[in-house]
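Accompanying notes for the structure given below.
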DNA sequence: CTTAACAGGTCAACGGTGTTGTCATAAGGT
DNA sequence: ACCTTATGACAACACCGTTGACCTGTTAAG
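Residue numbers (the numbering used here), protein chains in the order written: chain A, -8 to 234; chain B, -8 to 234.
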């Protein structure tokens, strides 16, 4: 066995599959994404992916060391797509808001990849490009390096964390998702004021608010705090005028 | 088969297992938690849990309809423990900060349950108690119902989302976790300024910041924004003096 | 005190999963 | 034309969650 995965550059022998398909890293990732989109995140398994490709499942291990590796490649491809669709305008706050919402939406569309990419550092091309781009926006806006990294960190973690959270709940079978919303109406909204005064008082708001994502609000909060920090920095730096 | 799970109240026949153990919902949940603590989140499977209990795996289905159900019970137990350990002082901001950190820590200690509980509404006793308690803190501080729910929502989602995110990364095998940190040093910190100027400029900060959790910072941000909102509300309400 | 019902345990099986060791073969370089 | 070897196929392993059928001891009713 030793190492069955060959570095991408060294691949040459394009022997087709029994069913005539010529495999490649790109084709595998694209097919995985298609499977996820068409049949949901749970439809993705090595065996099913093999079947969809017209190849033996074990062939995939010539391209990825294990499932995780494959999912990271899928996640990186998603980052790339999100970044390509994004059109920065030069207004850092609006641009980051837009990017945050896009990342969140992309996570919602691909729950499984979102969960994985939320806590893994891929070190792949698109991820690096995203880091460079976001840091560029922040430094361009005038954040000193240390603050730029802090804001970047909070921004990216929040987008990923809420993305994973919200995507997990939309990935539930439809019946289960409706059942969740029903818990707020049927259980919480009916608790008597005698035993649960605070829930009873706020019941109306709970039923309305809780089944919705709190990400947009949290994002605005973060950007607001960052803007306040930037104003503070600018005020401090004015006298000396150095970066 | 029909319905094999009997509602907790109706249980009476306490026939012991072949190996002499008397099962109960509480014992199962406690054992599951112990397994997670001792051998990591991946050590928890129906079969292993059965083995640890000295019972056939299928016996567990007399108590929980499926694995999810079991994990929700585990999650609810965790909420209960966290809440019991928390000692509110009456200072809403300090109390919520303390509670948020405790929830985050508890998620770190029980990654698998954390992930599940982060996007599911259990409607179980401890969860309800937590909602009532937190809403009580906020309403007691003077937040009107609608704002209390908004702050509650952001607070709880943030704690759960970051908890799930951070716990997922600490649940990685130690080798993988070290590899992640190494990516920042070995890949990002070495990118040439010519192609990646922003990363190169901020490299030192990236290496230091990125492998750490951004939750405490994000939490303070949220509470700061909530405090600002409360001050605003108080200022507006002063003249009429009504709640 | 006997007896009938059934809660709650066991067993065996089904169809799935990721992963690996071994083998065969066709493509490429020489 | 040959040799090497990348790469695909196959079969097997050890797991997983879940279920239907069966059996038995406890319990409540008569």
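Beta carbons: idealized from backbone N, C-alpha and C, even for Gly.
- Between the region 63 to 80 of chain A and the region 102 to 122 of chain A, the count of Cβ pairs shorter than 8 Å is three or higher; the stretches touch.
- Across the structure, residue 189(B) and residue 171(A) are spaced so that their CA atoms are roughly 44 Å apart.
- Residue 162(B) is positioned such that its CB atom lies closer than 9 Å to that of residue 33(B).
- Sequence-distant partners of residue 134(B) (beyond 5 residues in either direction) whose C-beta falls short of 6 Å from its own C-beta are missing from its chain.
- Of all residues in the region 183 to 197 of chain A, only 187, 189, 190, 192, 193, 196 and 197 come within less than 7 Å of chain B when Cβ atoms are compared, listed by chain position.
- Chain-ordered listing is empty here: chain A has no CB closer than 9 Å to the CB of residue 20(B), the nearest sitting near 20 Å.
- Take the alpha-carbon of residue 56(A) and the one of residue -5(A): they are about 8 Å apart.
- At least one CB atom of chain A sits nearer than 9 Å to the CB of residue 171(B).
- Residue environment analysis places residue 10(A) among the exposed positions, since fewer than 16 neighbouring C-beta atoms fall within 10 angstroms of its C-beta.
- Residue 10(A) carries a coil assignment under DSSP once its states are collapsed to helix, strand and coil.
- Of the residues assessed, residue 36(B) falls on the exposed side of the cut-off, its CB having fewer than 16 other CB atoms within 10 angstroms.
- Rounded to the nearest angstrom, the gap between the Cα atoms of residue 193(B) and residue 136(A) is 5 Å.
- Close partners of residue 111(A) in chain B (Cβ separation under 9 Å): 159, 160, 163, 167 and 171.
- Closer than 9 Å to the CB of residue 13(B) there is not a single CB belonging to chain A.
- Our two residues, residue 59(A) and residue 111(A), have alpha carbons roughly 10 Å apart in a direct line.
- Within the region 39 to 89 of chain A, no complete beta strand (DSSP E) segment of 3 residues or longer occurs.
- Taking CB atoms only, residue 119(A) has a neighbour in chain B less than 9 Å away.
- Within chain B, no C-beta atom comes nearer than 8 Å to that of residue 94(A); the closest sits roughly 14 Å away.
- The C-beta distance from residue 149(A) to residue 209(A) rounds to 6 Å, short enough to fall under 8 Å.
- Here the region 18 to 34 of chain A does not lie against the region 89 to 99 of chain A, with fewer than 3 beta-carbon pairs under 8 Å apart.
- Around the CB of residue 82(A), fewer than 16 other CB atoms lie within 10 Å, so the residue is classed as exposed.
- The shortest CA-to-CA distance from residue 5(A) to any of 23(A), 43(A), 53(A) and 28(A) is the one to 53(A).
- Cβ neighbours of residue 132(B) within its own chain (closer than 7 Å, five residues either side excluded): 83 and 221.
- Within chain A, no C-beta atom comes less than 8 Å from the C-beta of residue 77(B); the nearest is roughly 16 Å away.
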